[in-house]
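Quick notes on the structure that follows.
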Amino acid sequence: MITQERYRTTVKELLANGSIKMAIGYRLGSTPDRRRPLFIRTSEEADQLVLDSTCMTNLSGYLVTEGLLSDEKKVGIFLRPEGIRSINILAAEYQLNADQIVIFGFDSTGRDVRPLDGRNVGEFSKLLNEIKEHPLQIVKEPLHWRIEKMNAKERFDFWQEEFSRCIKCYACRQACPMCYCRRCIVDSNQPQWINTSSHTLGNFEWNIVRAFHLSGRCVQCGNCDRACPVNIPLRLINQRMANEVLDGFDHFAGLSPTQEPVLASFKKDDTETFIL
Amino acid sequence: MTRILFSDKLDNCVAKWRSAGLTVIGPVQEEAISRYAAVEKGTDLSFGTVLPDRSLKELFFPQTEPMTSYTIKKNEIETTDFTPPQGKRIIFGTRACDASGLAIDDPLFGWDYKDEFWFQRRNESVIVTIACTKSDDFCMCTSLKLAPDSTKGADVLLRPIVKNKGWIVEELTERGREAFAIISEYLLESPEPAIPTVIVPEKFNLDTCVAWLQNPENFDSKFWKEISMRCIGCASCTYLCPTCHCFDIQDEGDTYSGIRRKNWDSCSFALFTMHTSGHNPRSTQSARWRQRIMHKFNYFPGKFSVNSCSGCGRCSRQCPVDMGITETLQEISKL
Amino acid sequence: MTENIQIAQQNIYKPAIMKIVGRHDEAPGVRTMRLEFQDPADHEQFKKTYRTGMFGLYGVYGEGESTFCVASPETRKEYIECTFRQSGRVTSALANADIGDLVTFRGPYGNRFPIEEFHGKNLLFISGGIALPPTRSVIWSCLDQREKFGKVTIVYGARTVADLVYKHELEEWQERADVDLVLTVDPGGESPDWKHRVGFVPTVLEEAAPSPDNCIAVICGPPIMIKFTLISLKKLGFDEANVYTTLENRMKCGVGKCGRCNVGSVYVCKEGPVFTAAEVSRMPAADL
Numbered sequence: 175m176i177t178q179e180r181y182r183t184t185v186k187e188l189l190a191n192g193s194i195k196m197a198i199g200y201r202l203g204s205t206p207d208r209r210r211p212l213f214i215r216t217s218e219e220a221d222q223l224v225l226d227s228t229c230m231t232n233l234s235g236y237l238v239t240e241g242l243l244s245d246e247k248k249v250g251i252f253l254r255p256e257g258i259r260s261i262n263i264l265a266a267e268y269q270l271n272a273d274q275i276v277i278f279g280f281d282s283t284g285r286d287v288r289p290l291d292g293r294n295v296g297e298f299s300k301l302l303n304e305i306k307e308h309p310l311q312i313v314k315e316p317l318h319w320r321i322e323k324m325n326a327k328e329r330f331d332f333w334q335e336e337f338s339r340c341i342k343c344y345a346c347r348q349a350c351p352m353c354y355c356r357r358c359i360v361d362s363n364q365p366q367w368i369n370t371s372s373h374t375l376g377n378f379e380w381n382i383v384r385a386f387h388l389s390g391r392c393v394q395c396g397n398c399d400r401a402c403p404v405n406i407p408l409r410l411i412n413q414r415m416a417n418e419v420l421d422g423f424d425h426f427a428g429l430s431p432t433q434e435p436v437l438a439s440f441k442k443d444d445t446e447t448f449i450l
Numbered sequence: 210m211t212r213i214l215f216s217d218k219l220d221n222c223v224a225k226w227r228s229a230g231l232t233v234i235g236p237v238q239e240e241a242i243s244r245y246a247a248v249e250k251g252t253d254l255s256f257g258t259v260l261p262d263r264s265l266k267e268l269f270f271p272q273t274e275p276m277t278s279y280t281i282k283k284n285e286i287e288t289t290d291f292t293p294p295q296g297k298r299i300i301f302g303t304r305a306c307d308a309s310g311l312a313i314d315d316p317l318f319g320w321d322y323k324d325e326f327w328f329q330r331r332n333e334s335v336i337v338t339i340a341c342t343k344s345d346d347f348c349m350c351t352s353l354k355l356a357p358d359s360t361k362g363a364d365v366l367l368r369p370i371v372k373n374k375g376w377i378v379e380e381l382t383e384r385g386r387e388a389f390a391i392i393s394e395y396l397l398e399s400p401e402p403a404i405p406t407v408i409v410p411e412k413f414n415l416d417t418c419v420a421w422l423q424n425p426e427n428f429d430s431k432f433w434k435e436i437s438m439r440c441i442g443c444a445s446c447t448y449l450c451p452t453c454h455c456f457d458i459q460d461e462g463d464t465y466s467g468i469r470r471k472n473w474d475s476c477s478f479a480l481f482t483m484h485t486s487g488h489n490p491r492s493t494q495s496a497r498w499r500q501r502i503m504h505k506f507n508y509f510p511g512k513f514s515v516n517s518c519s520g521c522g523r524c525s526r527q528c529p530v531d532m533g534i535t536e537t538l539q540e541i542s543k544l
Numbered sequence: 357m358t359e360n361i362q363i364a365q366q367n368i369y370k371p372a373i374m375k376i377v378g379r380h381d382e383a384p385g386v387r388t389m390r391l392e393f394q395d396p397a398d399h400e401q402f403k404k405t406y407r408t409g410m411f412g413l414y415g416v417y418g419e420g421e422s423t424f425c426v427a428s429p430e431t432r433k434e435y436i437e438c439t440f441r442q443s444g445r446v447t448s449a450l451a452n453a454d455i456g457d458l459v460t461f462r463g464p465y466g467n468r469f470p471i472e473e474f475h476g477k478n479l480l481f482i483s484g485g486i487a488l489p490p491t492r493s494v495i496w497s498c499l500d501q502r503e504k505f506g507k508v509t510i511v512y513g514a515r516t517v518a519d520l521v522y523k524h525e526l527e528e529w530q531e532r533a534d535v536d537l538v539l540t541v542d543p544g545g546e547s548p549d550w551k552h553r554v555g556f557v558p559t560v561l562e563e564a565a566p567s568p569d570n571c572i573a574v575i576c577g578p579p580i581m582i583k584f585t586l587i588s589l590k591k592l593g594f595d596e597a598n599v600y601t602t603l604e605n606r607m608k609c610g611v612g613k614c615g616r617c618n619v620g621s622v623y624v625c626k627e628g629p630v631f632t633a634a635e636v637s638r639m640p641a642a643d644l
């Protein structure tokens with residue numbers, strides 16, 4: 175509660191003195207356990223701000239809403255460490271100017287919420303590097319163990335079964351801060367790269383393409399997983415890809431606003447000659 | 210005296226219907242989600258959930274439906290029409306909102322040009338609704354002037370009796386009577402009282418909302434932008450909706466052979482109305498959300514005299530950003 | 357449900373097979389094709405139902421279907437003519453098809469121009485660029501029974517001389533004594549030998565100043581042209597109820613089910629594509 179009250183005051187001050195034009199946070203949702211995104215432009219709206227351990231959504235995707243940042247004014251946003259990493263990636267991929275983003279960082283343990291020091295994304299680099307070196311021990315769920323024990327064929331069958339539920343609502347894409355493409359590959363019809371139909375092949379194509387596009391970019395915020403209306407455990411795929419990229423390239427996505435995208439940067443002295 | 214179907218006889222009924230050639234479909238709790246699916250035994254059915262995660266619509270209007278296969282030769286195009294899977298089926302244990310959804314979409318699929326993919330399935334299905342004895346925070350059938358025991362779209366209505374022991378049977382249509390004649394030996398005359406249906410509180414005044422929507426001045430209201438600001442533009446609300454019926458027609462294959470399909474599509478997507486020229490009549494998310502609300506509560510009833518919403522609440526229940534029809538109409542009724 | 361609804365005996369989304377019997381390039385990227393029905397039953401159905409103003413879904417299996425008007429008049433039903441700009445996936449596939457190739461047609465759908473109601477009246481056709489085809493369908497439907505109508509005026513403009521479509525028919529109309537043709541191109545779009553007007557359609561229309569008395573106006577063009585032409589017509593004294601236009605929206609089914617052509621409460625595919633200006637002005641402008 176103290177953190178929430180302090181942040182309400184801070185947001186009001188920054189809005190009043192013109193430092194930010196808007197803050198993006200959370201408010202109460204339609205049931206006691208739900209929180210919904212809140213766009214704060216006035217002091218009254220700041221009073222609706224809620225910040226507690228149930229505020230899970232990574233809100234950074236709203237920053238790339240068309241036109242929001244084009245006036246070069248600053249926007250505040252409430253972010254967990256994963257969300258801060260998203261800002262770094264969006265800046266590194268030239269989707270936004272990190273100096274326009276005022277970060278209200280927070281994290282939680284159990285039900286306790288604590289603020290994170292800093293306002294500009296650069297001020298969090300120590301924290302993010304610590305997270306890279308000492309990743310939080312994610313309590314592995316039973317499903318995780320089950321998949322780890324599978325051989326390639328069993329894993330393929332498992333995912334085929336999971337993807338069979340996909341209805342191609344693209345909630346995963348729309349909820350993902352990294353899926354900012356103006357025209358997604360699935361929406362291209364000249365040529366038609368991906369079947370639009372939601373049948374086995376079409377679902378497989380979509381989910382695998384997305385997993386590849388997020389490799390080295392996903393911060394495991396869980397937005398896609400929570401958004402999926404048919405409960406496909408998307409977190410497991412993206413986590414696995416993140417681990418692969420970390421093991422293979424020592425790349426931990428979103429460490430700084432100048433970090434080169436791991437799968438979209440090239441070096442002349444690359445030992446893999448086929449790339450050039 | 211009323212006729213009761215005791216739940217310990219459900220296995221027998223399912224077997225009987227199956228041996229009479231009917232596919233038996235009902236609510237099933239799978240590991241990840243609940244939905245309506247075909248079962249072999251009565252015990253495979255699950256009546257515990259408020260309503261299945263996925264709506265009944267997809268059994269009549271699947272997410273992807275092959276319509277025509279084509280083979281192109283030198284001076285000839287050969288085509289073969291697909292038809293929906295043939296065969297009678299009984300859908301046992303639909304919720305009133307889901308069954309209503311079918312009745313709501315009938316006029317749409319039937320006006321002028323009749324969509325045989327929809328109507329063949331409709332004609333071959335017996336809908337058995339079970340009245341609701343529990344609801345959750347998102348249920349809103351009463352706000353749509355429907356009820357937890359609405360008979361709209363149903364051929365038989367079942368009312369649960371105490372201790373989950375069974376259901377009082379109310380046959381509503383000839384088709385329902387025929388289906389229950391097959392299992393008449395398991396229906397017993399008994400004076401068991403029904404559990405009262407759940408009371409679903411009214412969440413908004415529909416008439417107030419509709420009057421506001423019908424006022425042309427409100428089309429350009431800034432309300433639309435405010436209410437939809439957090440919408441991320443996915444289609445989970447439209448795809449889980451028991452009445453949303455929009456679709457796309459897509460060819461899959463190559464220049465020589467392939468399949469033309471009818472696939473779900475959604476007014477939430479920017480591409481839905483985009484012209485080839487780049488002009489988009491509904492170019493913003495707020496315009497698209499306005500279309501969804503207007504279509505359901507203003508345009509559709511204007512054409513078919515029925516709201517395109519049965520109050521199941523799935524749109525709000527599943528929304529990644531906690532939006533939905535309920536909130537929008539609640540806010541409208543405050544304006 | 358209590359009663360069985362009659363099921364259509366055939367798949368309503370199944371198109372007729374058409375053979376391309378003629379092709380003509382109208383302007384850069386714009387082509388006219390003449391199509392003939394392969395199945396006499398499809399042709400009979402077309403002859404029974406087609407009236408000027410209706411549209412169809414033209415397609416190539418493997419690529420999809422695209423919506424545009426039937427450009428040939430209701431007085432000539434032996435074939436279908438369509439004119440399209442090569443821009444998307446389907447129109448590119450259509451443009452790549454040769455004479456003798458098979459394509460598909462679904463329709464005709466929608467409403468029509470009520471041309472019997474135009475009998476005895478003067479007609480003013482106003483059109484811009486690639487939007488001449490729907491107008492042309494009405495023009496020929498009327499010229500093929502010329503005696504039933506009064507004075508016929510056609511105002512047609514395009515961005516440049518090259519962008520004018522149906523150039524051979526423009527010449528034909530030019531030579532006819534019973535047709536008054538006003539041609540114009542946008543400023544800068546004229547060629548050295550251009551003998552006609554230079555200026556935007558609404559301006560040229562106001563200069564030509566056709567009388568609104570006993571006159572029906574039919575306008576087709578890009579939204580911006582329609583917007584300003586309607587203003588000009590109002591200035592000239594035309595009543596919105598006597599001004600007709602066609603709306604074009606993205607469509608997939610063409611039969612009122614797929615949900616994308618709505619403008620406000622109007623299903624363009626079933627209640628349109630032909631509307632009076634009075635009807636259009638009642639639609640929410642932001643939806644157009």
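Those sequence lines, one after another, are chains A, B and C.
Quick note on numbering: my numbering labels position 74 of the first sequence as 248, and the sequence is numbered without any gaps.
Quick note on numbering: my numbering labels position 44 of the second sequence as 253, and the sequence is numbered without any gaps.
Quick note on numbering: my numbering labels position 51 of the third sequence as 407, and the sequence is numbered without any gaps.
The beta carbon of each residue, even a glycine, is placed where N, CA and C say it ideally should be.
As the structure is a computational prediction, the values presented were derived from the model and not from experiment.
- Item | Cβ pair count under 8 Å reaching 3, the segment 474–482 of chain B against the segment 492–501 of chain B | The segment 474–482 of chain B, when compared against the segment 492–501 of chain B, does touch it at the 8 Å Cβ threshold.
- Have a look at aspartate 429 (chain B) and glutamate 287 (chain B) and give me their C-alpha separation to the nearest angstrom. If you take the alpha carbons of aspartate 429 (chain B) and glutamate 287 (chain B), they lie about 49 Å apart.
- Query: Which of helix, strand or coil does DSSP assign to proline 236 (chain B)?
  - Reply: Here proline 236 (chain B) carries a strand assignment [DSSP, helix/strand/coil].
- Item | the segment 433–451 of chain B in contact with the segment 352–362 of chain A per 3-pair CB rule at 8 Å | Output reads no: the segment 352–362 of chain A does not touch the segment 433–451 of chain B.
- Can you give me the Cβ contacts of proline 293 (chain B) inside the same chain, cut-off strictly under 6 Å, excluding the 5 residues immediately before and after it? Correct list, in chain order: Phe326, Gln329, Arg330.
- Compute the Euclidean distance between the alpha carbons of glutamate 267 (chain B) and alanine 401 (chain A), then round it to the nearest angstrom. Linking glutamate 267 (chain B) to alanine 401 (chain A) through their CA atoms gives a straight-line distance of about 20 Å.
- Taking C-beta pairs closer than 7 Å, name the residues in chain C that asparagine 363 (chain A) reaches, listed in chain order. Neighbours of asparagine 363 (chain A) across chain C, judged by C-beta separation under 7 Å: Arg445.
- Query: For valine 630 (chain C) versus glutamate 604 (chain C), is the C-beta distance shorter than 9 Å?
  - Reply: Their beta carbons are not under 9 Å apart, which means valine 630 (chain C) does not touch glutamate 604 (chain C) by this criterion.
- Report the neighbours of phenylalanine 621 (chain C) on chain B: residues whose CB is nearer than 7 Å to its CB, in chain order. Checking the sequence, you will find serine at residue 621 (chain C) rather than phenylalanine. Correct list: Asn507, Tyr508, Gly511.
- Task: Ignore the nearest five residues each way along the sequence and tell me which others in isoleucine 572 (chain C)'s own chain have a CB closer than 6 Å to its CB.
- Result: Same-chain partners within the cutoff: Phe474, Lys477, Leu479, Asn598.
- Query: Are the beta-carbon atoms of tyrosine 414 (chain C) and phenylalanine 440 (chain C) separated by less than 9 Å?
  - Reply: Going by C-beta atoms, tyrosine 414 (chain C) is nearer than 9 Å to phenylalanine 440 (chain C).
- Task: Using a cut-off of 7 Å between C-beta atoms, extract the partners of glycine 203 (chain A) located in chain B.
- Result: Scanning chain B for C-beta atoms nearer than 7 Å to the C-beta of glycine 203 (chain A) yields Asp531, reported in chain order.
- Message: Taking 7 Å as the limit between beta carbons, can you name the residues of its chain near tryptophan 421 (chain B), skipping five residues before and five after?
- Response: Apart from sequence neighbours up to five positions away, the residues of its chain that approach tryptophan 421 (chain B) with a beta-carbon distance below 7 Å are Asn427, Ile541, Leu544, ordered along the chain.
- Query: If you follow the beta strand (DSSP E) that phenylalanine 424 (chain C) is part of, which residue opens it and which one closes it?
  - Reply: Run containing phenylalanine 424 (chain C): 420–425, per the beta strand (DSSP E) assignment.
- Run through DSSP, which three-state label would arginine 330 (chain B) get? Under the three-state reduction of DSSP, arginine 330 (chain B) is assigned to helix.
- Query: Taking just the CA atoms, how far does isoleucine 510 (chain C) sit from lysine 297 (chain B)?
  - Reply: Across the structure, lysine 297 (chain B) and isoleucine 510 (chain C) are spaced so that their CA atoms are roughly 60 Å apart.
- Message: On the criterion of 16 or more Cβ atoms from any shown chain inside 10 Å, does histidine 524 (chain C) qualify as buried, or is it exposed?
- Response: It is exposed - the Cβ of histidine 524 (chain C) has fewer than 16 other Cβ atoms within 10 Å.
- Alpha-carbon spacing of glycine 257 (chain B) relative to asparagine 414 (chain B), whole angstroms: One Cα belongs to glycine 257 (chain B), the other to asparagine 414 (chain B), and the distance between them is close to 30 Å.
- Query: Going by C-alpha distance, which of A:Met196, A:Leu212, A:Lys323 is nearest threonine 231 (chain A)?
  - Reply: Closest option to threonine 231 (chain A), Cα to Cα, is A:Leu212.
- Is it the case that the Cβ atoms of tyrosine 245 (chain B) and leucine 219 (chain B) are separated by a distance below 9 Å? Contact: no.
- Is it a yes or a no for the segment 382–402 of chain B touching the segment 359–368 of chain B, going by three-plus beta-carbon pairs under 8 Å? By the Cβ test, the segment 382–402 of chain B is in contact with the segment 359–368 of chain B, since at least three Cβ pairs between them sit closer than 8 Å.
- Please work out which residues of its chain come closer than 8 Å, Cβ to Cβ, to isoleucine 363 (chain C), disregarding the five sequence neighbours upstream and downstream, and give them in chain order. For isoleucine 363 (chain C), the predicted model reports a pLDDT of 49, less than 50, meaning its position is unreliable; a value from the coordinates is still stated below. No residues qualify anywhere along the chain.
- Distance, Cα to Cα, alanine 403 (chain B) vs threonine 211 (chain B)? Distance between the alpha carbons of alanine 403 (chain B) and threonine 211 (chain B) is about 10 Å.
- Could you tell me the boundaries of the alpha helix (DSSP H) in which alanine 564 (chain C) lies? Annotation for alanine 564 (chain C): the continuous alpha helix (DSSP H) segment containing it runs 557–564.
- Please confirm if serine 448 (chain C) has its CB atom under 9 Å from at least one CB of chain A. It does; some Cβ of chain A falls within 9 Å.
- Query: What three-state label does DSSP hand aspartate 324 (chain B) in the structure shown?
  - Reply: Residue state for aspartate 324 (chain B) is assigned as coil, using DSSP reduced to three classes.
- Are the CB atoms of isoleucine 575 (chain C) and isoleucine 482 (chain C) nearer to each other than 9 Å? Contact: yes.
- Message: Please report the distance separating the alpha-carbon of isoleucine 368 (chain C) from that of phenylalanine 402 (chain C).
- Response: Taking the CA atoms as reference points, isoleucine 368 (chain C) sits about 14 Å from phenylalanine 402 (chain C).
- Counting Cβ pairs, one atom from each stretch, are 3 or more of them under 8 Å apart for the segment 275–287 of chain B and the segment 462–473 of chain B? The segment 275–287 of chain B makes contact with the segment 462–473 of chain B: 3 or more CB pairs, one atom from each, lie closer than 8 Å.
- Using the DSSP secondary-structure output, state which residues sit across from tyrosine 600 (chain C) in a beta bridge. For tyrosine 600 (chain C), which the question treats as bridged, DSSP gives the partners C:Val574, C:Thr632.
- Segment limits, beta strand (DSSP E) that includes histidine 387 (chain A): First-last for histidine 387 (chain A): 374–388, but that is the alpha helix (DSSP H), not the beta strand (DSSP E).
- Query: What span of residues does the beta strand (DSSP E) with phenylalanine 252 (chain A) cover, start to end?
  - Reply: Here the beta strand (DSSP E) through phenylalanine 252 (chain A) covers 249–253.
- Please classify threonine 358 (chain C): is it buried, with 16 or more other beta-carbons within 10 angstroms of its beta-carbon, or exposed? Residue placement at threonine 358 (chain C) cannot be trusted, given a pLDDT of 38 that sits under 50; the coordinates are not used to answer.
- Can you check whether the CB of valine 393 (chain A) is closer than 9 Å to the CB of glycine 257 (chain A)? Judged by beta-carbon spacing, valine 393 (chain A) lies within the 9 Å limit of glycine 257 (chain A), meaning their Cβ atoms are closer than that value.
- Message: Quick check on the burial criterion: 16 or more other C-beta atoms within 10 angstroms. Buried or exposed for asparagine 191 (chain A)?
- Response: Counting Cβ neighbours within 10 Å, asparagine 191 (chain A) comes out exposed, since fewer than 16 surround it.
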